[in-house]
Amino acid sequence: MVSALIALIFFNYPSDLSFKLDDFTSQVFYATTGRHTDSSDLVVIEIDNETLRVINSKWPFNRAFYADFLNNLQKSEPKVLGFDIVFAGKSDDPEKDKIFAHALQDFEPPVILAYFIDREGSPSYPYAEFKKNADLAFVNVFSDRDRTVRNAKYYFESETISDFSWAAKIASYFYQTLPEKDEDKLPVAGKNIATQESFPINYLLKPKDFQSISFHQLIKGNFDPEIFAEKIVLVGSTLDITHDIHSTPLGVMPGVYIQANIILNFLNNRLINNLPFIFNFSILLLVFLLISYFLYKYSFLRSFFLSLGVLLLLFWLNIWLRSLGIQLAYGRIVFSSIIFISLANLYIYLVFLKLVSKVKNHAVTNPLTGLFNVRYFFESLFLNLKRIPKIPLYMIVIYLKDFSAKSSNLDFSEIKAFWRKLRQILLSYSKLWCNYSEEIILGEIKNKKGINALHGEIQILLSEFKINDQVKIGLIKASDKILQKSVILELTEKINTSEKNIIFLENKDILLSKPKKQGPSDFLSSFYFDTEEKNRELVSSMKKLKKEEEKTKNAYLQLIYSLVAALESKDPYTQGHTNRVCKYSLLLADKINLSSAEKEKIRKAALLHDLGKIGISDFVLHKRGKLTDSEFEKIKEHQTISARILKPIDEFKEIIPYILYHHENFDGTGYPHGLAGNFIPLGARIIAIADVFDALITGRDYKKAFSPQKAVALLKEMKSKRLDPKLVDIFIEAIGESGILD
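Okay, so the sequence shown: first residue is 445 according to this note's numbering, each after it adds one.
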């Protein structure tokens, strides 16, 4: 019952493994069914890396290029055109904006421009002049916590906006209808869709399966017009620098191909609906009942394969339902079932282990001395000898010659106390000891060291209990040939007749006979596997390994940070700059409620954002006065150098974009790639604000430091030009609350 309840918790809170199992279903569905989907009504125009090379222009492109594209495409008479690009704000050249606006106006087929809806539900529309001559639709898709896109909305409604998705509008225009809401149904492209929060995307094709053409061919007119006739034409970026590349169940895809799959869902009537919770839950309970029956009725191995068979049948049921447009919560059901099987078997194992331990304590130990019996000792030593890698083991024989006679004057409680203390002494040298008789104790040790000390401790213990007896110890290298009672008696005789208290024997010194062959049943009766002890050793080793790994990582990070500090120490005006930028960046990150993991990435990036200056000459780096154009170009290389230094190190791969792009301007005039707006990673935009603020309030020998209040005024002037306007407002509020402006 407890196992089932814990497994149900995992059903309600799916893990990454649940998502991966669902992704595997999508991959099998694609291999068996999806890749045969007809996509002849759709063509994708890629703004790819080849386009960037041929056009020889920074991203985002000159908007006159899009006007040329529209003029060339017009002749092909496509049925509908969709831009998966947000033409936000004015460009640097208003005249080229007008050219593109006129081209949109003259383009006869319907044109749908994309816009984004942010977390607050506010749309980021294209430039107003473009909105007049085209329809608009949002292109938002949803990533799960593993950053894989599996869901999308077909309709969005809030206090400020009510609109259909980009894919839904394109599909409707293709059928020469307009999408409209009808109560709780959305008639889109001839299909009625329920107005749910989001829908699973049915990934039917991979990018390679679509008909596609490079954008630069359209600009140059180097294409066959027939391929676009009466088709849906999608234009989207596949450039790495646009960050519109997403993980999907079928692998990595640019955003335009995700939208293309959604459109195919409409065109081919392959939309998916999630199976209601009550049905998923009922299937899960049925699986639990079957697994419980198998565990109760059959052995572990048989029940395991029967349970595996049930999950395999469930997999093909899921594939069949997928073909009918129904999505089963397969990943969550299977993962919960695995948890249930694991916990149920763990419970059975623990019950068995407890029983074994209980029987072991009674069956294989001497109730008086607490030491193992001879059979258990021999079989355990035999197993230890067979372990790989093999290590030398020694059998030790402790002979208390007249113990029975000399201890006869002690009462039972004193005898028991003696054996308790003797056991403690023995266990400090080895774990495996047994009573061969009242006078003979056998043990296993790994080396000869400490034998003299052991002899002395036992002799002192005998004196403490006033047992006037002599201790003698014999030691011989262990082998399977000596594990016989007759050999023990011979060893004891040699020890007894020796004049020394401690003797070391060789195998050749005793008469050895061929050992008896041992079978599995002989070992089972002795319960020689101490599983719990092994588990504790394994956990301890793993903890030590993890601790050492963390120490190595921290040492490496501290080394990098020390390099940055050493770099700053060369100039008294920049000392502490990275720490202050880190502080301001985290203030802003806290204010916008970023996750702990994201804040940690921003912290590292802020501390390392100027690492590349180590590759800039001191003359340029610490020059007093204005830099020449060539010197400034050298300075502009520092973030590229930072990225080059950090690229080989896995620990820093996720923060490289934050460092590389923290000098990009919000209006696209920055460097190194001229990214604009939300194409600049959020972490880079945050660090940029912190970097500028610290530069303003920190003096140099050729300029005075501005007051925090004046710096805030200058930040406001940089909104929408150098810096993200929304983040600037939030940053000013954050530093005000922290007392920096006081």
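Each residue gets a CB set at the ideal place from its N, CA and C atoms; glycine is no exception.
> So, do the stretch 661-675 and the stretch 509-525 have three or more beta carbon pairs nearer to each other than 8 angstroms?
Replying inline: Between the stretch 661-675 and the stretch 509-525 there are three or more C-beta pairs closer than 8 angstroms, enough to call the two in contact.
> Counting only runs that start and end within the stretch 866-922, where is the alpha helix (DSSP H) found for 4 or more residues in a row?
Replying inline: At a cut-off of 4 residues, the continuous stretches assigned as alpha helix (DSSP H) that sit fully inside the stretch 866-922 are 895-908.
> How many Å lie between residue 1115 and residue 1048 at the Cα?
Replying inline: As a position in the sequence shown, residue 1115 is number 671, starting the count at 1. As a position in the sequence shown, residue 1048 is number 604, starting the count at 1. Rounded to whole angstroms, the gap between the alpha carbons of residue 1115 and residue 1048 is 21 angstroms.
>> For residue 1121, tell me which candidate among 503, 498, 656, 654 has the shortest Cα-Cα distance.
In response: Residue mapping note: residue 1121 aligns to position 677 of the sequence shown, counting from 1. The candidate whose alpha carbon is nearest that of residue 1121 is 503.
>> Taking only three categories from DSSP, how would you classify residue 765?
In response: Sequence index remark: in the sequence shown, residue 765 carries index 321 (1-based). DSSP, reduced to helix, strand and coil, places residue 765 within a helical segment of the structure shown.
> Taking buried to mean at least 16 other C-beta atoms within 10 Å of its own C-beta, is residue 501 buried or exposed?
Replying inline: By 1-based counting over the sequence shown, the position of residue 501 is 57. Exposed is the call here.
> Does the beta-carbon distance from residue 1117 to residue 685 come in below 8 angstroms?
Replying inline: For the purposes of this step, residue 1117 is identified with residue 673 of the sequence shown, where counting begins at 1. For the purposes of this step, residue 685 is identified with residue 241 of the sequence shown, where counting begins at 1. Contact flag set, yes.
>> Could you compute how far the alpha carbon of residue 757 sits from the alpha carbon of residue 481?
In response: Position 313 of the sequence shown, counting from 1, holds the residue named residue 757. Position 37 of the sequence shown, counting from 1, holds the residue named residue 481. Rounded to the nearest angstrom, the two C-alpha atoms are 25 angstroms apart.
>> Per DSSP, what are the beta-bridge partners of residue 601 in this structure?
In response: For the purposes of this step, residue 601 is taken as the residue at position 157 of the sequence shown. Per DSSP, 606.
>> Comparing C-alpha positions only, which one of 946, 886, 1159 sits nearest to residue 900?
In response: The residue given as residue 900 occupies position 456 in the sequence shown. Of the listed residues, the one whose Cα sits closest to residue 900 is 946.
> The alpha helix (DSSP H) with residue 490 in it runs from where to where?
Replying inline: Locating residue 490 in the sequence shown gives position 46, where the first residue counts as 1. That residue, residue 490, is in no alpha helix (DSSP H); its beta strand (DSSP E) goes 486-491.
> Quick one: what's residue 579 bridged to in DSSP?
Replying inline: Stepping through the sequence shown from its first residue, residue 579 is reached at position 135. For residue 579, the beta-bridge partners assigned by DSSP are 556.
> Residues bridged to residue 690 by DSSP?
Replying inline: What you label residue 690 is simply residue 246 of the sequence shown in a count that begins at 1. For residue 690, which the question treats as bridged, DSSP gives the partners 697.
> Are residue 708 and residue 648 close, meaning C-beta to C-beta below 8 angstroms?
Replying inline: Taking the first residue of the sequence shown as position 1, residue 708 is located at position 264. Taking the first residue of the sequence shown as position 1, residue 648 is located at position 204. A contact, by the Cβ cut-off of 8 angstroms.
>> My output table needs one value for residue 596: the three-state DSSP class, helix, strand or coil.
In response: If you number the sequence shown from 1, residue 596 lands on position 152. Taken through DSSP and simplified to helix, strand or coil, residue 596 comes out as strand.
> Among all the DSSP beta bridges, which residues are the ones paired with residue 843?
Replying inline: Here residue 843 corresponds to residue number 399 of the sequence shown, with the count starting at 1. Per DSSP, 884, 916.
> Quick one: what's residue 1163 bridged to in DSSP?
Replying inline: By 1-based counting over the sequence shown, the position of residue 1163 is 719. Per DSSP, the beta bridge partners of residue 1163 are 1167.
>> At the level of alpha carbons, what is the spacing between residue 1091 and residue 688?
In response: Walking along the sequence shown from the start, residue 1091 turns up at place 647. Walking along the sequence shown from the start, residue 688 turns up at place 244. As the crow flies, the alpha-carbon of residue 1091 is around 21 angstroms from that of residue 688.
> Rounded to the nearest angstrom, how far is the Cβ of residue 1141 from that of residue 1032, given a contact under 8 angstroms?
Replying inline: Within the sequence shown, numbered from 1, the residue matching residue 1141 stands at position 697. Within the sequence shown, numbered from 1, the residue matching residue 1032 stands at position 588. Under the criterion of beta carbons closer than 8 angstroms, residue 1141 and residue 1032 do not qualify as touching, at roughly 16 angstroms.
>> Please list the terminal residues of the continuous alpha helix (DSSP H) segment that includes residue 726.
In response: Counted from its first residue, the sequence shown places residue 726 at position 282. In the DSSP annotation of this structure, the continuous segment of the alpha helix (DSSP H) that includes residue 726 starts and ends at 721-741.
> Do residue 1105 and residue 1089 come within 8 angstroms of each other at the CB atom, strictly closer than that value?
Replying inline: The residue you call residue 1089 lines up with position 645 of the sequence shown. The residue you call residue 1105 lines up with position 661 of the sequence shown. With contacts defined as CB atoms closer than 8 angstroms, residue 1089 and residue 1105 fail to qualify as a contacting pair.
>> Quick check: the stretch 727-734 against the stretch 746-765, are at least 3 beta-carbon pairs closer than 8 angstroms?
In response: The answer is yes - the stretch 727-734 touches the stretch 746-765, with three or more Cβ pairs under 8 angstroms.
> Where does the unbroken beta strand (DSSP E) through residue 668 begin, and where does it stop?
Replying inline: Here residue 668 is taken as the residue at index 224 of the sequence shown, counted from 1. Premise fails: residue 668 is in no beta strand (DSSP E) and is neither H nor E.
> For residue 516, which of 739, 550, 528 has the nearest alpha-carbon?
Replying inline: Here residue 516 corresponds to residue number 72 of the sequence shown, with the count starting at 1. In terms of CA proximity to residue 516, 550 leads the group 739, 550, 528.
> Do residue 527 and residue 496 have their C-beta atoms closer together than 8 angstroms?
Replying inline: The residue given as residue 527 occupies position 83 in the sequence shown. The residue given as residue 496 occupies position 52 in the sequence shown. In this structure, the beta-carbon distance from residue 527 to residue 496 does not fall below 8 angstroms.
>> I'd like to know whether the C-beta atoms of residue 842 and residue 735 end up nearer to each other than 8 angstroms.
In response: Numbered from 1 along the sequence shown, position 398 holds the residue referred to as residue 842. Numbered from 1 along the sequence shown, position 291 holds the residue referred to as residue 735. With respect to residue 735, residue 842 sits apart: the two C-beta atoms are not nearer than 8 angstroms.
> Among residues of its own chain, excluding the 5 on either side of residue 829, which ones have a beta-carbon nearer than 8 angstroms to its beta-carbon?
Replying inline: As a first step, residue 829 is located in the sequence shown; it is residue number 385 there, counting from the start. Beyond the five residues adjoining it in sequence on each side, residue 829 comes within less than 8 angstroms, by CB distance, of 837, 922, 923, 924 in the same chain, given in chain order.
> How about residue 593 and residue 587: do their beta carbons lie closer than 8 angstroms?
Replying inline: Working through the sequence shown from its first residue, we reach residue 593 at position 149. Working through the sequence shown from its first residue, we reach residue 587 at position 143. Cβ distance < 8 angstroms, so residue 593 and residue 587 count as in contact.
> Among the residues of its own chain, which have a CB less than 6 angstroms from the CB of residue 773, if the five just before and after it don't count?
Replying inline: For the purposes of this step, residue 773 is taken as the residue at position 329 of the sequence shown. Once the five neighbours on either side are set aside, the close Cβ partners of residue 773 are 724.
> Which term fits residue 1083, buried or exposed, when burial requires 16 or more other beta carbons within 10 angstroms of its beta carbon?
Replying inline: Here residue 1083 corresponds to residue number 639 of the sequence shown, with the count starting at 1. Here residue 1083 is buried. Its C-beta has 16 or more other C-beta atoms within 10 Å.
>> To the nearest angstrom, how far is the alpha carbon of residue 1039 from that of residue 559?
In response: Locating residue 1039 in the sequence shown gives position 595, where the first residue counts as 1. Locating residue 559 in the sequence shown gives position 115, where the first residue counts as 1. Computed Cα separation, rounded: 26 angstroms.
> What does DSSP give as the partner residues of residue 525 in its beta bridges?
Replying inline: Counting from one through the sequence shown, the residue named residue 525 turns up at place 81. Under the DSSP definition of a beta bridge, residue 525 partners with 555, 677.
> According to the neighbour-count rule (16 or more other Cβ atoms, all chains shown, within 10 Å of its Cβ), is residue 547 buried or exposed?
Replying inline: As a first step, residue 547 is located in the sequence shown; it is residue number 103 there, counting from the start. Buried, because 16 or more other Cβ atoms sit within 10 Å of the Cβ of residue 547.
>> Helix, strand or coil, according to DSSP, for residue 810 in the structure here?
In response: Looking up residue 810 in the sequence shown gives position 366. In the structure shown, residue 810 sits in coil (DSSP, three-state: anything other than H, G, I, E or B).
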